[in-house]
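In this note's numbering, the protein residues as written are 59 to 506. C-beta: ideal position from N, C-alpha, C; glycine also.
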Ligand code: ADP
Ligand code: ZN
């Protein structure tokens, strides 16, 4: 289903609207954000040089580091009195990426998210159980405002709280569930244990995103929960969830709201623009945001764009495929963005730990677990003693209270910085793999 008329735009009309909006945005950032003025001037580009959509390629890229360099409000085009909401997502080090919204921005985002629900067949008669996390993370409030804009009844339960989620699915008769795909399967497992028959629940559709998933996982979710599972993509910097979404008619590729975002695909190594059908890094320019517009933002997400054609849902918008990877090393652990460098920063602050570490990720009972494996320094190992194992190797006396304290302290500092609970395993010096070239720090054993 369609939420608003603009969703039917296509062809020259859409292009004309995109160009007008792009020109306005470029003028806005040039006049109001020092970073953009500097980066455009460096390339010798003025806002009036943007005469066609093709001219977009002349503009410089924006990357996460630029947002960090201008922390917290340096990328905003308006004074704080015009801002009504601030969200943040994790950055590559301690500092988060800050995203500001004016009243109009919140309205725009609500409409974009209402489209997501409409495209999934949700109507104002439905009850939406919103299990995306509320807070600094954009997932919860983004879905909340979108469902309200559509007129559906929102149950703002937020993430976690699995038993309650199941009770409400049954008692409130929720028709639509919004959460991460891994949480949907986790809910199923817990529900089954409690004897819930999902086929009998009024639940009809789940709108799932915020982490990578696969067609196999879609099939599993749809079969187990007896629902349609719809893919939803977004990132805080661009607006939050809603950048692209599937329609229930096709469930094949996610429509990008072309009237709000201009998408490009580039070769991540060279920055060169690639034609439709090529796999590469998604770059997005926002053309309606007021407070925090972004020009050619490198999402680091790998996907393929297809040429806009009419879809059976009625939309003409560009489609993108599932995200198939990242062009950087960002991990998504239980929906939280984690950069290995953040964990490395914590490790290096401990004098008893050596710089050799690896991160092992598994999916245990539907949930991601991250184990930090790290070597202690020789002095530490000697000071607490070692034991000889059956195979003749020497191991740390793990029962020693100093070992336990070190593990707990590392765990706590990581949790404080990135908000994710980890397991820690300490290793004897020189027992973790060494690398001649680039170190392989991440062992991702998740099957999704
Ligand atoms: P959000 O609040 O939407 O999770 P973040 O900025 O915290 O936004 O994280 C955004 C990142 O999450 C994206 O750049 C992408 O890597 C990942 N992501 C979001 N939705 C999906 C999806 N449907 N499929 C795969 N990855 C996704
Ligand atoms: Zn469609």
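For residue 474, the enclosing alpha helix (DSSP H) stretches over residues 459-476.
Here the segment 272-287 makes contact with the segment 233-246; the two share three or more CB pairs at distances below 8 Å.
Beta-bridge analysis with DSSP links residue 395 to 390.
In the DSSP assignment, the residues bridged to residue 313 are 303, 377. For residue 338 against residue 359, the beta-carbon gap comes to about 10 Å, at or over 8 Å, which does not count as contact. A direct Cα-to-Cα measurement between residue 272 and residue 380 gives close to 8 Å. Ranked by how close their Cα comes to the Cα of residue 368, the residues 174, 305, 449 have 305 in first place. Between residue 169 and residue 211, the C-beta spacing is not below 8 Å. Distance from the CA of residue 84 to the CA of residue 141, rounded to the nearest whole angstrom, comes to 20 Å. Contact between residue 116 and residue 124 is ruled out by a C-beta separation of about 18 Å, above the 8 Å threshold. With fewer than 16 other Cβ atoms from the protein chains shown falling within 10 Å of its own Cβ, residue 503 counts as exposed. In this structure, the straight-line span from the alpha carbon of residue 239 to that of residue 256 is close to 16 Å. Proximity to residue 410 across 309, 207, 484 peaks at 484, based on C-alpha coordinates. Spanning the alpha carbons of residue 302 and residue 290 requires a straight line of approximately 6 Å.
When secondary structure is reduced to three states using DSSP, residue 202 falls in the helix class. With a cutoff of 7 Å, residue 315 does not count as near the ligand ZN, since its C-beta is closer than that to no heavy atom of the ligand. Using a Cβ distance threshold of 8 Å, residue 321 and residue 287 do not count as a contacting pair. Residue 433 is positioned such that its CB atom lies no closer than 8 Å to that of residue 453. Within the segment 112-187, the runs of alpha helix (DSSP H) at least 4 residues long that lie entirely inside it are, in chain order, 122-127, 161-177. Restricted to the segment 225-259, the alpha helix (DSSP H) segments that are unbroken, complete and at least 4 residues in length are 239-251, listed in chain order. Residue nearest to residue 127 within the set 154, 103, 145 is 154 (criterion: CA-CA distance). Taking a contact as a CB-CB distance under 8 Å, the pair residue 134 and residue 439 does not count as one, their CB atoms being some 50 Å apart. If you compare the alpha carbons of 346, 327, 298, 237 with that of residue 86, the shortest gap goes to 346. Under the 8 Å Cβ criterion, the segment 454-467 does not count as touching the segment 383-395, having fewer than three qualifying pairs.
For residue 438, the uninterrupted alpha helix (DSSP H) run begins and ends at 436-442, by DSSP. In this structure, DSSP gives residue 431 an extended state, which the three-state scheme calls strand.
Under the three-state reduction of DSSP, residue 413 is assigned to strand. Taking C-beta atoms as the reference points, residue 382 and residue 430 fail to come closer than 8 Å.
Of all alpha-carbon atoms in 171, 73, 199, 459, the one lying nearest the alpha-carbon of residue 114 is that of 73. Separation of the CB atoms of residue 299 and residue 506 is rounded to 19 Å, and the pair is thereby denied contact status at 8 Å.
In the three-state reduction of the DSSP assignment, residue 97 falls in the helix class. Ranked by Cα distance from residue 267, the options 284, 207, 200, 215 are led by 200. Restricting attention to beta strand (DSSP E) runs no shorter than 3 residues, the segment 348-377 encloses them at 355-364, ordered along the chain.
Look at residue 498 here: in three-state DSSP terms it is coil, with no helix or strand label. Between the C-alpha atoms of residue 190 and residue 332 there is a straight-line separation of about 34 Å.
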